[in-house]
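Down below is the structure, laid out as structure tokens.
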Amino acid sequence: MGDGFGWGSAEVFSGVVGEEFGFITYTTAQEQAQYIVRAFQVGRDLSYVGPMFLDNLNFCESYPRSELACFLSLLDAEGEPRPAFEALQVATP
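Sequential numbering from -11 applies to the sequence shown in the numbering used here.
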């Protein structure tokens, strides 16, 4: 996935989270949405933060559900918006 950070959520993917991604189960989809929106708010408020970019709109449609990219995706495997997608829509001016 390259260099970056983010908050993933696997609550709707029960039974597919591998050992190496166990941390994904610590965050709910709603918390993921709150954290992402807050990160953009903090970035906007700090004068020294430049442009911010959130990638991974639909990796879950292309990757197996057990891959980290799927847990970070804004759309689920069927292409439906996850809470983070909807929260960003509301938060975007």
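In this text, a Cβ means the ideal position worked out from N, Cα and C, and glycines have one as well.
Worksheet item: When we look at the beta-carbon of Ser61 and count the other beta-carbons within 10 Å, is it buried (16 or more) or exposed?
Response: Around the CB of Ser61, 16 or more other CB atoms lie within 10 Å, so the residue is classed as buried.
Practice prompt. My understanding is that Ala65 touches Glu49, with C-beta atoms under 8 Å, so please give their C-beta distance in whole angstroms.
Written response: Between Glu49 and Ala65 the Cβ distance is about 6 Å, and since that is below 8 Å, they are a contact.
Worksheet entry | Collapsed DSSP secondary structure at Pro69 in the structure displayed | If DSSP states are grouped into helix, strand and coil, Pro69 belongs with the strands.
Worksheet item: So the alpha helix (DSSP H) Glu30 belongs to, where does it begin and stop?
Response: The sequence given here has Val at residue 30, not Glu. Note, Val30: alpha helix (DSSP H), 17 to 33.
Worksheet item: Is the beta carbon of Ile12 sitting closer than 8 Å to the one on Phe47?
Response: No, they are not a contact pair.
Discussion item. Counting C-beta neighbours from all protein chains within 10 Å, is the total for Ala79 16 or more, i.e. buried, or is it exposed?
Written reply: In summary, Ala79 is exposed, with fewer than 16 beta-carbon neighbours lying within 10 Å of its beta-carbon over all protein chains present.
Worksheet entry | Close Cβ partners of Leu63 (< 8 Å) along its chain, the five nearest in sequence each way excluded | Cβ neighbours of Leu63 beyond the five flanking positions: Leu45, Asn46, Cys48, Glu49, Pro69, Arg70, Phe73.
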